[in-house]
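This report concerns only the one structure given below.
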Amino acid sequence: MNPVKIADYGLSEEFGYLPHYDPAQRLSPGNEEWDQFALEIPKLLMGNDFRKRVQALPDFNVSALKTQADKSRAMMILSYIGQSYQWSDNSPATTFPKKLALPWYEVGLSVGRPPILSYQSYASDNWRRLDPNGPIECGNIALLQCFLGGQDEEWFILIHIDIEKKAGKALKAIELAQASVVENDSDSLEKALIQLRNALQSMYDVLCRMPERCDPYVYFHRVRPYIFGWRNNPSLPNGVIYEGVDAYGSKGQAFRGETGAQSAIIPAMDAVLGITHEKDELRDYLMEMRGYMPPMHVKFIEAVEAGPSVRNMVTSLGNINLKTIFNECVSIVGDFRAKHLEYAGTYIHAQAQATPGNPSAVGTGGTPFMVYLRKHRDESKQQLIS
Numbered sequence: 007m008n009p010v011k012i013a014d015y016g017l018s019e020e021f022g023y024l025p026h027y028d029p030a031q032r033l034s035p036g037n038e039e040w041d042q043f044a045l046e047i048p049k050l051l052m053g054n055d056f057r058k059r060v061q062a063l064p065d066f067n068v069s070a071l072k073t074q075a076d077k078s079r080a081m082m083i084l085s086y087i088g089q090s091y092q093w094s095d096n097s098p099a100t101t102f103p104k105k106l107a108l109p110w111y112e113v114g115l116s117v118g119r120p121p122i123l124s125y126q127s128y129a130s131d132n133w134r135r136l137d138p139n140g141p142i143e144c145g146n147i148a149l150l151q152c153f154l155g156g157q158d159e160e161w162f163i164l165i166h167i168d169i170e171k172k173a174g175k176a177l178k179a180i181e182l183a184q185a186s187v188v189e190n191d192s193d194s195l196e197k198a199l200i201q202l203r204n205a206l207q208s209m210y211d212v213l214c215r216m217p218e219r220c221d222p223y224v225y226f227h228r229v230r231p232y233i234f235g236w237r238n239n240p241s242l243p244n245g246v247i248y249e250g251v252d253a254y255g256s257k258g259q260a261f262r263g264e265t266g267a268q269s270a271i272i273p274a275m276d277a278v279l280g281i282t283h284e285k286d287e288l289r290d291y292l293m294e295m296r297g298y299m300p301p302m303h304v305k306f307i308e309a310v311e312a313g314p315s316v317r318n319m320v321t322s323l324g325n326i327n328l329k330t331i332f333n334e335c336v337s338i339v340g341d342f343r344a345k346h347l348e349y350a351g352t353y354i355h356a357q358a359q360a361t362p363g364n365p366s367a368v369g370t371g372g373t374p375f376m377v378y379l380r381k382h383r384d385e386s387k388q389q390l391i392s
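Residue numbering for the sequence shown follows my numbering, starting at 7 and increasing by one per position.
Dropping the structure here:
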C-alpha cells in the first residue's frame, strides 16, 4: 500500500488546492466581449434586461482557449454569466440559450465539471494579488469576478481562498503521515501530525474571521441568492434546459448549487484521520459533491482513503503523545464543522426566519443543511481515539 504524493495530483505545499499560477485576469484573444461583459455583471444586474444582453453577445470561441488558465477563466466567467442569467430579470429562467449553454457545457467538459457555478470557479480560480510579490491571504487578495460586489461578497469568498491556500501544509502533512506509516516510523508520524494539527488550526483561525467583514443580513439577501442551483429547487421543478447541448437531449438538467461541500479539504482530512460517517442521505450528498470538484482533487481524496491508515497505526502503538496529537487533529476537524453549523445558523437560518416565505431549511446545494451539519459535527467529535 503506497502513501500518496501530492505532486502526483497537481497539489503542492505552497499553493494547496489553488492553481499553481495566479489566475488569468483576461482570456486570450478571441472572446474579449465575453470578458468585458462578465466584468459588467454588477452593473447589468441593476436592470431588467440581462438575458437580452447575453443573447446579443457574439458566439463564444471555445477553440481560442489555449491554456489551462484560459479554460479556468472561461469556466468562471461563463458560470457567473450563467448564474446571473438564471437569477436575474425577476423570475428564474427555465432555458439557457445555445449561445451560453453550449460553450458552458464544452468548457465544463475540458475542466471536468458540469455547466453550473461550482466552488472551484467561485473561489479557487477567482483571485488576484494586490501586491504581486505578497502572500495569497486576506489583505493581499481581491476577487476577479463577483455578482453584485461589495465588501460582504468579497470577504465571504476571500476567506475560502485563504483557507484553500493554507491547506497546502495540511496536504503535505498527509503525504508525510502516510509515508511514516509505511516506514513504521513513529517519530516521523508525530512530526507529520504536528504539522497537520498546526495547519488545521491556521485554517480554522481564518474561518473564524468570517464575521469581520461579512454581515449575515447582507450575505443572505445579496450574496446567497445568486449561487443557488436547480436541483431540489421548488422554483425549478423540471430543472433547466441547455439549448444546443445534444448530450442532454432537450431535457431539463438539475445540478446542485455552489457550496463549500465542493471543496476537497474536509474530505481529505476525514480520509487521513479515518473519520467515517454513517451511510445516509448526508453521505450520499457529499459523495455527489465530488462530481463538482476538479477530477484530480477527487483522485487525491480517493488515494488518501485507499492509502496506509494513520488511525490504525496510532491506535496500535498506544503512544500517548501520538494519540493526543491525532485527537487534536480530529477535534479541529470537528471544530470546523461546528463553526460551519454556527454560521449556517446566523447567516442563513436566523435570516430566513425573519423573511416570510423564504425557504429556510434548504442550502444553496439543495439540502436540509442544519440537520446535516449538526449530524456531521457530532460524528466527527465521536471519533477520537481513547
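Glycine residues also receive a C-beta, built at the ideal position from the N, C-alpha and C atoms. All of these numbers come straight from a predicted model, not from anything done at the bench.
Do you know how far the Cα of residue j is from the Cα of residue i?
i           : j           : result
residue 45  : residue 148 : 14 Å
residue 52  : residue 155 : 12 Å
residue 185 : residue 145 : 35 Å
residue 19  : residue 170 : 11 Å
residue 364 : residue 109 : For residue 364, the predicted model reports a pLDDT of 48, less than 50, meaning its position is unreliable; a value from the coordinates is still stated below. Rounded to the nearest angstrom, the two C-alpha atoms are 33 Å apart.
residue 317 : residue 390 : 10 Å
residue 25  : residue 133 : 10 Å
residue 178 : residue 243 : 43 Å
residue 39  : residue 84  : 12 Å
residue 199 : residue 215 : 25 Å
residue 151 : residue 130 : 12 Å
residue 254 : residue 382 : 34 Å
residue 366 : residue 360 : In this prediction, residue 366 scores a pLDDT of 49, lower than 50, which makes its location untrustworthy; the coordinate-derived value is nonetheless stated afterwards. Rounded to whole angstroms, residue 366 to residue 360 spans 10 Å at the Cα level.
residue 288 : residue 378 : 6 Å
residue 79  : residue 261 : 21 Å
residue 251 : residue 50  : 26 Å
residue 96  : residue 228 : 14 Å
residue 355 : residue 91  : 26 Å
residue 350 : residue 376 : 7 Å
residue 69  : residue 352 : 45 Å
residue 322 : residue 249 : 57 Å
residue 29  : residue 65  : 24 Å
residue 220 : residue 348 : 14 Å
residue 8   : residue 388 : 28 Å
residue 277 : residue 61  : 45 Å
In terms of residue numbering, what span does the alpha helix (DSSP H) encompassing residue i cover?
i           : result
residue 104 : 104-117
residue 210 : 192-213
residue 74  : 74-93
residue 185 : 157-189
residue 331 : 326-349
residue 52  : Run containing residue 52: none; DSSP gives neither H nor E here.
residue 10  : Per DSSP, residue 10 belongs to no alpha helix (DSSP H) and is neither H nor E.
residue 289 : 287-295
residue 301 : 301-312
residue 318 : 316-323
residue 40  : 38-45
residue 356 : 356-359
Relative to the C-alpha of residue i, which residue among the options is closest?
i           : options            : result
residue 174 : 275, 152, 125      : 275
residue 41  : 49, 32, 48         : 32
residue 332 : 210, 161, 204, 209 : 204
residue 386 : 359, 337, 356      : 337
residue 301 : 321, 268, 30, 289  : 268
residue 311 : 323, 279, 342, 297 : 279
residue 283 : 258, 340, 240      : 340
residue 212 : 183, 165, 225      : 165
residue 122 : 306, 245, 358      : 245
residue 210 : 76, 63, 343        : 343
residue 98  : 334, 277, 247      : 247
residue 113 : 291, 74, 135       : 74
residue 82  : 59, 23, 104, 153   : 153
residue 303 : 7, 348, 290, 13    : 13
residue 127 : 167, 187, 136      : 167
residue 120 : 347, 388, 94, 295  : 295
residue 392 : 345, 124, 324      : 324
residue 162 : 191, 314, 125, 307 : 125
residue 346 : 384, 195, 334, 101 : 384
Using DSSP bridges, identify the partner residues of residue i.
i           : result
residue 147 : 135
residue 278 : Per DSSP, none; premise fails for residue 278.
residue 18  : 22
residue 60  : Partner(s): none; residue 60 has no beta bridge.
residue 248 : 102
residue 259 : 246
For residue i, count neighbouring C-beta atoms within 10 Å of its own C-beta (all shown protein chains included) and say buried if the count is 16 or more, exposed if not.
i           : result
residue 265 : buried
residue 181 : buried
residue 217 : exposed
residue 47  : buried
residue 298 : buried
residue 326 : exposed
Would you say residue i lies against chain D (beta-carbon separation less than 7 Å)?
i           : result
residue 176 : Included in the structure is just one protein chain, with no chain D present.
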